[in-house]
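Colleague:
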DNA sequence: TCCTAATTAGGAACTAATCCTATTTACAAC
DNA sequence: GTTGTAAATAGGATTAGTTCCTAATTAGGA
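Residue numbers (this note's numbering), protein chains in the order written: chain Y, 16 to 166; chain U, 16 to 166.
What follows is the structure in structure tokens.
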């Protein structure tokens, strides 16, 4: 539980606003799932969220949780972390590098940046542990997708 | 095909060296899989690699490809990009932030950094498309895991 | 209170990745 | 070159995570 009562209240309000605006139902399941995600700072995986949700509402289906998470993400109420464990794309470029990823087509480009490689990490982080590397992931829209959108 | 002939040659040599050093076999399958990964800069997913491998060696099993990729990764010949799309951890922190991830235990911490949020992206990248966000992922070892290793 | 489109539960299906095991093979020792 | 053996393979089975399907339920406006 990392967020303040005020912040939690605020988030709940955003949630209800969005439902009203889109004509979607604020079901008890959705509210509860949202609360579970909003009340932690542990970046949980879906199975952890499902388990926590079921502590209070044991019959909620996995599908409902996944659907709700997708709904929350689509509406900017939560984010998915991307570059954590358990990945699936490979890169034989062994030079230290970073990535630009097109959010439309998913293509990824390598780039090099001395300033990022030598970036002075905030004390806030060095207090958490030893930092071994910094990898930057830039998100945006590639030229090809821009052209396609413009048509 | 992004790498030069020389670089490819060099990588192949590293590969054979590592096999010899570890007493592992340089099978035709391994060599071929390594070549396929080393010869692209498209950050392919495993299924793409499997398909490309099978263009030349149709009977190679998925298991062999996955095992070989893990082997190459363990020995630093390739890197995995963490799931750029389709990830599985969630975060309700909507402030612009970055992550410190412990490579031992997988725990993740949010942190804030104005200098990263306003980082001037290299022209190299702005030529590729429109950049919308920069997310930094720091890898290292958290205090708890350091303590556990020290014992 | 009623109506209806949205939502749900829960099991089936799908997909990516790994495991299992009998067979094959690289390669070191002779 | 032969041989012996541990390592590696193919390919089917299995597992885990996620999404799909459908009949039943429900939120919320009229």
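Ideal Cβ placement from N, Cα and C applies to all residues, glycine included.
Can you tell me the Cα-Cα spacing of residue 115/Y and residue 153/U, whole angstroms?
Modeller: Their backbone Cα atoms lie some 17 Å apart in a straight line.
Colleague: Quick check on residue 95/U: buried or exposed, where buried means 16 or more other Cβ atoms within 10 Å of its Cβ?
Modeller: Residue 95/U is buried by the Cβ-count criterion.
Colleague: Pop quiz: residue 44/Y and residue 79/Y are said to be a contact at Cβ under 8 Å. What is the actual Cβ separation, rounded to whole angstroms?
Modeller: Yes, residue 44/Y and residue 79/Y are in contact; Cβ-Cβ is about 5 Å, under 8 Å.
Colleague: What residue from 123/Y, 145/Y and 30/Y has the CA that sits closest to residue 90/Y's CA?
Modeller: The candidate whose alpha carbon is nearest that of residue 90/Y is 30/Y.
Colleague: Would DSSP call residue 151/U helix, strand or coil?
Modeller: Residue 151/U: strand per DSSP, three-state reduction.
Colleague: Between the stretch 32-49 of chain U and the stretch 62-81 of chain U, do at least 3 Cβ pairs fall closer than 8 Å?
Modeller: Yes: at least three Cβ pairs fall under 8 Å.
Colleague: Tell me residue 146/U's beta-bridge partners as DSSP assigns them.
Modeller: Note: residue 146/U sits in a beta bridge opposite 155/Y.
Colleague: For residue 133/U, go through chain Y and note every residue whose CB falls closer than 8 Å to its CB, in chain order.
Modeller: In chain order: nothing, as chain Y lies at least about 13 Å away.
Colleague: Suppose you measure from the CA of residue 136/Y to the CA of residue 157/U; what does that come to, to the nearest Å?
Modeller: So the two alpha carbons sit approximately 15 Å from each other.
Colleague: Using the three-state DSSP reduction, which class does residue 135/Y fall into: helix, strand or coil?
Modeller: If DSSP states are grouped into helix, strand and coil, residue 135/Y belongs with coil.
Colleague: State the start and end residues of the unbroken alpha helix (DSSP H) segment that holds residue 34/Y.
Modeller: It spans 20-37 - the alpha helix (DSSP H) in which residue 34/Y sits, taken as one unbroken run.
Colleague: Got a sec? Which residues, its chain only, sit under 7 Å from residue 126/Y by beta carbon, not counting five neighbours each side?
Modeller: For residue 126/Y, where only same-chain residues beyond five positions count, the Cβ hits under 7 Å are 112, 113 and 115.
Colleague: Give me the Cα-Cα distance between residue 110/U and residue 155/U, rounded to the nearest whole angstrom.
Modeller: In a straight line, the C-alpha of residue 110/U is about 23 Å away from that of residue 155/U.
Colleague: Flag residue 41/Y as yes if its beta-carbon sits less than 9 Å from any beta-carbon of chain U, otherwise no.
Modeller: No - not a single Cβ of chain U is within 9 Å of the one on residue 41/Y.
Colleague: Would residue 144/Y pass as an interface residue toward chain U - the criterion being a Cβ-Cβ separation below 9 Å?
Modeller: Yes, residue 144/Y counts as interfacial toward chain U.
Colleague: Please confirm if residue 149/U has its CB atom under 9 Å from at least one CB of chain Y.
Modeller: With 9 Å as the cut-off, residue 149/U counts as an interface residue toward chain Y.
Colleague: Select from the stretch 71-89 of chain Y all residues with a C-beta closer than 7 Å to any C-beta belonging to chain U, and list them in chain order.
Modeller: Those residues of the stretch 71-89 of chain Y that come within reach of chain U (Cβ to Cβ, closer than 7 Å) are 84.
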